[in-house]
Amino acid sequence: MRGERIFSGSVYEEKAKYARAAVIPDAGGDWIFVSGTTGYDYATMAIAPDAARQARQCFVNIAAALREAGASVDDVVRIRVYLADRKDFEAVAVEVAAFCESSRPANTTVIAPLVDEKMRVEIEVTARRSK
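Position 11 (the sequence shown) corresponds to 270 in this note's numbering; numbering is contiguous.
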């Protein structure tokens, strides 16, 4: 089964033809895969200059996709954080901790160049919504 697709309206989703999230049905519960999400405020297409505020906005965007999929932060089982600069790790870790406090998912952080020089962080999550 193809499953449900969720879109945020990001210009990147249209440009690269991907969905913000995909919900894949499963007998025990649905899997929700949220694409790599940056700190852009999709309403204004503005992005903060610092990594901590970008991470906070990433989680606002991710939470919106999860809500649309009928899930919540508590359903997150996996998180991947991509940082453009390892110096931002501590500031972003504080935001990750706040987001993950109740779900305590598996976590990986990778240092990698991002698509736009303004981007300091990109985050993707996997969630499992029980039936």
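Beta carbons: idealized from backbone N, C-alpha and C, even for Gly.
Taking the alpha-carbon of residue i as reference, which of the options has the nearest alpha-carbon?
i, options, result
"E349", "T368, E383, V336 and F318", "T368"
"R264", "E383, D334, V293 and A322", "V293"
"T385", "A357, F318 and A352", "F318"
Under 6 angstroms Cβ to Cβ from residue i, same chain only, skipping five residues before and after it: list those, please.
i, result
"Q313", "G298, A307, R379 and V380"
"P364", "V335, V336, R337 and I338"
Just how far apart, CA to CA, sit residue i and residue j?
i, j, result
"N366", "R337", "6 angstroms"
"L342", "M304", "20 angstroms"
"A310", "E360", "19 angstroms"
"I283", "P372", "30 angstroms"
"D344", "I370", "6 angstroms"
"R279", "V332", "16 angstroms"
"D289", "S389", "7 angstroms"
"A324", "E273", "16 angstroms"
"A275", "E354", "28 angstroms"
Among residues of its own chain, excluding the 5 on either side of residue i, which ones have a beta-carbon nearer than 7 angstroms to its beta-carbon?
i, result
"G268", "Y301"
"N320", "S267, T296 and Y301"
Return helix, strand or coil for residue i, following the three-state DSSP convention.
i, result
"Y271", "helix"
"E376", "coil"
Given that a residue counts as buried once 16 or more other Cβ atoms are within 10 Å of its Cβ, and exposed if not, what is residue i?
i, result
"D285", "exposed"
"D347", "buried"
"R315", "buried"
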